[in-house]
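Numbering (the working numbering), first residue to last: 46 to 189. C-beta: ideal position from N, C-alpha, C; glycine also. From a predicted model like this one, the values you see are computed outputs, not experimental measurements. Input: a single structure, listed below in structure tokens.
See the structure below:
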């Protein structure tokens, strides 16, 4: 059985990236929120080029942090990205941008539900079928 995408509009996404902040370093919540928002937009428009992502994030972070010595490493792993950010006189930050397919209705629904939750423990309170709980958990961004 083959699947066909009947919608060619940009609103019909067939994949997304879920961002997970691993190490926060000593960066403020505001800076991390600004960075993840910028990264989410960037991954929607240019998800295939790790070099462009790296260059864009260096420029963005230099302006955001008011510094000119930001180093960014972007490792493409399959369709996902692992990003390490190093700023002089600050601790490193790591971000996972995990590629998630949206080619099934259950993935689309899990994405919508996951964006309204703030942590994985909330999923069990929803009374969802067990087969959907892990899918929903996959779409909850983390900011540890």
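Within 8 Å, strictly: CB atoms of residue i and residue j
i	j	result
residue 66	residue 140	yes
Residue burial classification, residue i (beta-carbon count within 10 angstroms, cutoff 16)
i	result
residue 184	buried
residue 64	buried
residue 159	buried
residue 180	buried
residue 48	Model confidence at residue 48 stands at a pLDDT of 48, short of 50, so the residue's coordinates are unreliable; what they give is reported in the following sentence. When all chains shown are included, residue 48 counts as exposed.
residue 198	Outside the shown range of the chain (46 to 189) lies residue 198, about which nothing can therefore be said.
residue 46	The predicted position of residue 46 is uncertain, since its pLDDT is 43 and thus under 50; a value taken from the coordinates is nonetheless stated next. Residue 46 is exposed by the Cβ-count criterion.
residue 157	exposed
First and last residue of the uninterrupted beta strand (DSSP E) at residue i
i	result
residue 116	115 to 122
residue 64	60 to 66
Residue i: first and last residue of the uninterrupted alpha helix (DSSP H) it sits in
i	result
residue 101	95 to 110
residue 88	74 to 90
Residue ranges of each beta strand (DSSP E) run of no fewer than 3 residues wholly in the segment 126 to 185, ordered along the chain? 138 to 146
Evaluate contact between the segment 127 to 134 and the segment 151 to 162, counting only Cβ atoms and requiring at least three cross-stretch pairs below 8 Å. no
I'd like to know if the segment 76 to 86 and the segment 170 to 183 are in contact, where contact means that at least 3 CB-CB pairs between them fall below 8 Å. no
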